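Colleague:
Protein chains in written order, with this note's numbering: chain B, 36 to 292; chain Z, 4 to 227; chain V, 281 to 505.
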């Protein structure tokens with residue numbers, strides 16, 4: 036993992052979750068730790084699944100902050116990670132921008148659902164997100180990311196979000212979205228977002244997709260189901276707002292079953 | 004490098020299949036997102052800084068001799084839309100044929116043997132540039148230029164846009180293309196030392212969604 | 281043009297008479313001509329006439345849709361895997377003349393997937409009188425015009441009428457209804473074409489596509505000789 040030094044004004048915080056099967060069909064959490072603005076709580080799970088909630092004790096990240104969250108589902112684990120509220124990127128005193136790094140690891144015979152609430156890029160903010168996923172050949176994953184450009188009626192901040200997925204060492208998805216003031220030209224044009232203010236991705240990885248991948252298709256005009264080179268599917272979606280984006284992603288996900 | 008060879012490779016009449024493709028412009032026209040020269044320019048600029056820069060970096064790295072198999076896998080990972088992967092390989096195969104006839108080269112023969120149904124077009128473009136005695140910067144320029152000239156030509160046919168206006172769009176983008184080509188060459192050089200993970204991965208959501216929608220149409224003028 | 285060192289690799293040169301494995305490739309015949317002159321109907325009739333004696337496939341070049349390919353599929357003149365549609369980006373003549381790469385790929389894929397083939401018919405999208413096939417794509421070309429398009433077309437000439445290996449004047453059964461003078465069309469065609477053959481044809485009458493099928497058989501015989 037690369038360590039980026041932020042200037043003195045920023046907060047550096049990290050959270051870690053490790054889940055593994057307890058050998059009796061349940062999931063235990065030998066590591067569950069967070070600090071400062073990144074608190075983690077175990078909540079009521081269902082069946083074999085353990086649920087963890089990221090609780091933002093402060094709004095953030097602000098300019099200069101650097102947050103890191105690492106989640107690892109080891110053999111036998113069924114882990115679901117959510118967040119209590121949307122993450123709001125805000126401008127800070129520090130002009131260097133903020134970083135948010137998510138590291139997800141899923142071993143064979145393990146399953147992770149990464150379903151945080153939206154990331155909202157508030158006006159004047161500058162956030163760089165990286166989400167890096169390492170999966171074993173037999174791992175299962177459901178990952179959702181939603182970016183909302185600006186609070187209601189507000190110009191968005193600058194947001195760069197890179198999502199990388201490796202399965203059994205092979206990179207099956209590497210994509211970066213860059214938007215907001217100062218982003219490379221054309222980001223809001225007819226090829227990019229064309230005025231849409233919510234954009235999202237689902238990554239679904241199931242070993243069964245290796246032999247029976249879902250067909251590529253457009254879902255309700257704003258989303259596309261895109262089988263990747265590997266046992267994985269990306270759903271990419273754009274919508275006018277967060278609510279309609281969530282409906283699109285939920286609908287596209289349901290259509291995979 | 005030979006400046007004339009660069010013109011041969013970059014010529015829109017180079018017979019490598021590009022004329023049948025709109026680079027996503029047909030889908031954007033149908034969706035009402037390209038309606039005139041200004042929206043064409045915004046579309047082309049969006050392509051330039053997303054799929055365009057990725058393709059240019061791949062082409063530059065290939066021109067510098069980076070393993071084509073690795074570059075092809077990296078291009079797959081950066082092209083989540085299956086319709087766009089099919090298009091990239093189809094155009095790669097067509098370019099491979101044209102380039103092998105134009106500039107016979109053992110490297111292009113080896114690439115054709117490795118990918119009989121086509122490698123991603125920018126990988127082939129980089130090796131074609133090598134075979135033509137061109138460098139990484141030339142390959143990047145070629146890649147960027149065809150990434151925007153294809154949509155511009157297509158929009159002339161689709162909308163009846165004044166061809167002078169469409170060409171002026173390309174001229175207005177030229178300084179940006181020069182800058183991005185320079186960056187792509189530098190990225191290509193970093194790929195030589197640090198591997199394909201340093202390739203950019205910028206994406207344009209509507210290009211991907213539009214490509215899948217377009218692939219499902221029964222009636223269309225362009226293949227992509 | 282042959283580049284012999286390429287022969288253990290996927291074909292690089294379009295006009296090579298041999299496939300990468302050394303076997304003889306199929307004879308390729310192009311059919312061009314204006315919109316509505318009866319190219320697709322002629323292709324369909326040729327398939328019906330020849331499919332028992334030859335291993336056949338068809339490549340269509342539609343301008344705007346896959347309609348020609350779909351017509352052939354609907355008519356079931358050949359099994360679907362023997363029919364491929366190439367998309368031409370609004371320029372059908374470019375795909376058969378200036379940039380033939382997509383058509384060459386379609387032909388090669390057909391030979392790989394359903395071959396060995398004796399004959400591939402490449403039908404162009406309906407175009408104008410100047411549209412001709414590249415010699416890199418086809419070995420012989422047929423130009424199809426019809427009596428309803430105006431009986432002055434043979435006199436006007438143009439590359440298709442003047443230089444195609446076979447000129448078909450189609451829909452002769454309609455001549456009385458559209459006031460076309462068949463004798464004049466034949467004489468003008470002769471004047472424009474010299475010794476190159478002309479067939480006056482009506483697919484609705486008894487002879488049907490017979491004369492054209494015979495011409496194709498002669499080309500096949502010469503190709504495999």
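Even glycine gets a Cβ: it sits at the ideal position worked out from N, Cα and C. Just so you know, these numbers come straight off a predicted model, no measurement behind them.
Which residue marks the beginning of the beta strand (DSSP E) containing residue 22/Z, and which one marks its end?
Modeller: Your numbering for residue 22/Z matches position 19 in the second chain. Neither: residue 22/Z is in no beta strand (DSSP E) and is coded neither H nor E.
Colleague: Can you name, in chain order, every residue of its own chain whose Cβ lies under 6 Å from the Cβ of residue 103/B, other than the five neighbours on each side?
Modeller: Mapped onto the first chain, residue 103/B falls at position 68. Excluding residues within five positions, the ones whose Cβ falls inside 6 Å are 49 and 136.
Colleague: Under 7 Å between beta-carbons, which chain Z residues line up against residue 381/V? List them in chain order, please.
Modeller: If you number the third chain from 1, residue 381/V lands on position 101. Near residue 381/V (Cβ distances below 7 Å), the residues of chain Z are 18, 19, 20, 97, 100 and 101.
Colleague: Which runs of the beta strand (DSSP E) spanning at least 3 residues fall entirely within the stretch 213–289 of chain B, listed in chain order?
Modeller: Complete beta strand (DSSP E) runs here, min 3: 233–240, 252–254, 258–262 and 267–274.
Colleague: Using only alpha-carbon positions, find the residue among 179/B, 221/B, 203/B and 231/B that is nearest to residue 47/Z.
Modeller: As a first step, residue 47/Z must be located in the second chain, where it is residue number 44. For the residues 179/B, 221/B, 203/B and 231/B, the minimum Cα distance to residue 47/Z belongs to 221/B.
Colleague: Assuming residue 162/B and residue 121/B form a contact by the criterion Cβ under 8 Å, report the distance between their Cβ atoms to the nearest whole angstrom.
Modeller: As a working note, residue 162/B is residue 127 in the first chain. As a working note, residue 121/B is residue 86 in the first chain. That pair is no contact at about 13 Å.
Colleague: Exposed or buried, residue 121/Z, counting other C-beta atoms within 10 Å across all chains shown (16 or more means buried)?
Modeller: Translated into positions along the second chain, residue 121/Z becomes position 118. That one is buried.
Colleague: Would residue 40/B be called buried (16 or more neighbouring beta carbons within 10 Å of its own) or exposed?
Modeller: Start at 1 with the first residue of the first chain, and residue 40/B comes out as number 5. In this prediction, residue 40/B scores a pLDDT of 45, lower than 50, which makes its location untrustworthy; the coordinate-derived value is nonetheless stated afterwards. Result: exposed.
Colleague: Mind checking if residue 63/Z is an interface residue toward chain V, Cβ cutoff 9 Å exclusive?
Modeller: Numbered from its first residue, the second chain carries residue 63/Z at position 60. Cβ-Cβ to chain V under 9 Å: no for residue 63/Z.
Colleague: Is there a Cβ from chain Z that is less than 9 Å from the Cβ of residue 210/B?
Modeller: Start at 1 with the first residue of the first chain, and residue 210/B comes out as number 175. Yes, because at least one Cβ of chain Z sits closer than 9 Å to the Cβ of residue 210/B.
Colleague: Closer than 8 Å between beta carbons: that is the criterion. Which residues of the stretch 78–89 of chain Z meet it against chain B?
Modeller: Cβ contacts with chain B come from 79, 80, 81, 83, 84, 85, 86 and 88.
Colleague: For residue 78/B, does the count of other Cβ atoms within 10 angstroms reach 16, so buried, or fall short, so exposed?
Modeller: Within the first chain, numbered from 1, the residue matching residue 78/B stands at position 43. Counting Cβ neighbours within 10 Å, residue 78/B comes out exposed, since fewer than 16 surround it.
Colleague: Taking Cβ positions, are residue 63/Z and residue 143/Z nearer each other than 9 Å?
Modeller: Taking the first residue of the second chain as position 1, residue 63/Z is located at position 60. Taking the first residue of the second chain as position 1, residue 143/Z is located at position 140. Contact: yes.
Colleague: Please list the residues of the stretch 194–223 of chain Z that have a C-beta atom closer than 9 Å to any C-beta atom in chain B, keeping them in chain order.
Modeller: Cβ contacts with chain B come from 199, 200, 202, 203, 204, 205, 206, 207, 208, 209, 210, 211, 212, 213, 214, 215, 216, 218 and 219.
Colleague: Mind reading off the beta-carbon distance from residue 275/B to residue 233/B? Whole number of angstroms is fine, and I expect it under 8 Å.
Modeller: Counting from one through the first chain, the residue named residue 275/B turns up at place 240. Counting from one through the first chain, the residue named residue 233/B turns up at place 198. Rounded, the Cβ-Cβ distance is 7 Å, consistent with contact.
Colleague: Alpha carbon to alpha carbon, how far is residue 38/Z from residue 32/Z?
Modeller: As a first step, residue 38/Z is located in the second chain; it is residue number 35 there, counting from the start. As a first step, residue 32/Z is located in the second chain; it is residue number 29 there, counting from the start. Between residue 38/Z and residue 32/Z, the C-alpha separation is close to 7 Å.
Colleague: When you compare only the Cα positions, how much space is there between residue 401/V and residue 365/V?
Modeller: The residue labelled residue 401/V in the question sits at position 121 within the third chain. The residue labelled residue 365/V in the question sits at position 85 within the third chain. Looking at the two C-alpha atoms, the distance is approximately 12 Å.
Colleague: Please compile the residues from chain Z whose C-beta is within a distance smaller than 7 Å of the C-beta of residue 197/B.
Modeller: Sequence index remark: in the first chain, residue 197/B carries index 162 (1-based). Correct list: 204.
Colleague: Is it the case that the Cβ atoms of residue 367/V and residue 23/Z are separated by a distance below 9 Å?
Modeller: Looking up residue 367/V in the third chain gives position 87. Looking up residue 23/Z in the second chain gives position 20. In contact: residue 367/V and residue 23/Z (Cβ atoms closer than 9 Å).
Colleague: Give me the residue from 202/Z, 208/Z, 12/Z and 199/Z with the minimum Cα distance to residue 228/B.
Modeller: As a working note, residue 228/B is residue 193 in the first chain. Checked all of 202/Z, 208/Z, 12/Z and 199/Z; the closest Cα to residue 228/B is 208/Z.
Colleague: Return no unless some Cβ of chain Z is closer than 9 Å to the Cβ of residue 346/V.
Modeller: Locating residue 346/V in the third chain gives position 66, where the first residue counts as 1. Yes, contact with chain Z.
Colleague: Is it a yes or a no for the stretch 410–430 of chain V touching the stretch 309–328 of chain V, going by three-plus beta-carbon pairs under 8 Å?
Modeller: Touching, yes, given that three or more Cβ pairs across the two stretches are closer than 8 Å.
Colleague: Just grab the DSSP bridge partners of residue 156/B for me.
Modeller: Your numbering for residue 156/B matches position 121 in the first chain. 124/B and 184/B.
Colleague: Tell me whether residue 38/B is buried or exposed, calling it buried when 16 or more other Cβ atoms sit within 10 Å of its Cβ.
Modeller: In the first chain, the residue the question calls residue 38/B occupies position 3. Below a pLDDT of 50, predicted positions are generally treated as unreliable, and residue 38/B, at 39, falls in that range; no measurement from the model is reported.
Colleague: Using the DSSP secondary-structure output, state which residues sit across from residue 114/B in a beta bridge.
Modeller: One-based indexing of the first chain puts residue 114/B at position 79. DSSP output for residue 114/B lists 85/B and 147/B as bridge partner(s).
Colleague: In angstroms with no decimal places, state the Cα-to-Cα distance between residue 133/Z and residue 70/Z.
Modeller: Walking along the second chain from the start, residue 133/Z turns up at place 130. Walking along the second chain from the start, residue 70/Z turns up at place 67. The straight-line gap from Cα to Cα measures roughly 13 Å.
Colleague: Would you say residue 369/V lies against chain Z (beta-carbon separation less than 9 Å)?
Modeller: Locating residue 369/V in the third chain gives position 89, counting from the first residue. Interface residue, yes.
Colleague: Got a sec: is the Cβ-Cβ distance from residue 343/V to anything in chain Z below 9 Å?
Modeller: Residue 343/V sits at position 63 when you count from the first residue of the third chain. Yes, residue 343/V lies at the interface with chain Z (some Cβ there is under 9 Å from its Cβ).
Colleague: Classify residue 506/V as helix, strand or coil using the three-state DSSP reduction.
Modeller: Here chain V has residues from 281 to 505 only, and residue 506/V is not among them.
Colleague: Could you please tell me which residues of the stretch 295–308 of chain V, in chain order, have their CB closer than 8 Å to any CB of chain Z?
Modeller: Here the close residues number zero.
Colleague: Please report the residue range of the alpha helix (DSSP H) in which residue 217/Z lies.
Modeller: For the purposes of this step, residue 217/Z is taken as the residue at position 214 of the second chain. Element bounds for residue 217/Z: 208–218.
Colleague: Rounding to the nearest angstrom, what Cα-Cα distance links residue 21/Z and residue 171/Z in this structure?
Modeller: As a position in the second chain, residue 21/Z is number 18, starting the count at 1. As a position in the second chain, residue 171/Z is number 168, starting the count at 1. Cα to Cα, residue 21/Z sits roughly 20 Å from residue 171/Z.
Colleague: Check whether the stretch 181–192 of chain B touches the stretch 11–21 of chain Z, taking contact to mean three or more Cβ pairs, one atom from each stretch, closer than 8 Å.
Modeller: No, the stretch 181–192 of chain B does not touch the stretch 11–21 of chain Z.
Colleague: Relative to the C-alpha of residue 153/Z, which candidate in 18/Z, 26/Z, 9/Z and 145/Z has its C-alpha closest?
Modeller: Translated into positions along the second chain, residue 153/Z becomes position 150. If we check each option's Cα against that of residue 153/Z, 26/Z comes out closest.
Colleague: Quick check on residue 6/Z - is its C-beta less than 9 Å from some C-beta in chain V?
Modeller: Taking the second chain and counting its residues from 1, one reaches residue 6/Z at position 3. By this cut-off, residue 6/Z is not an interface position.
Colleague: So which residues on chain Z does residue 141/B lean against when the C-beta distance must stay under 7 Å?
Modeller: Within the first chain, the letter at position 106 stands for residue 141/B. Neighbours of residue 141/B on chain Z: none; closest Cβ ~18 Å, over 7 Å.
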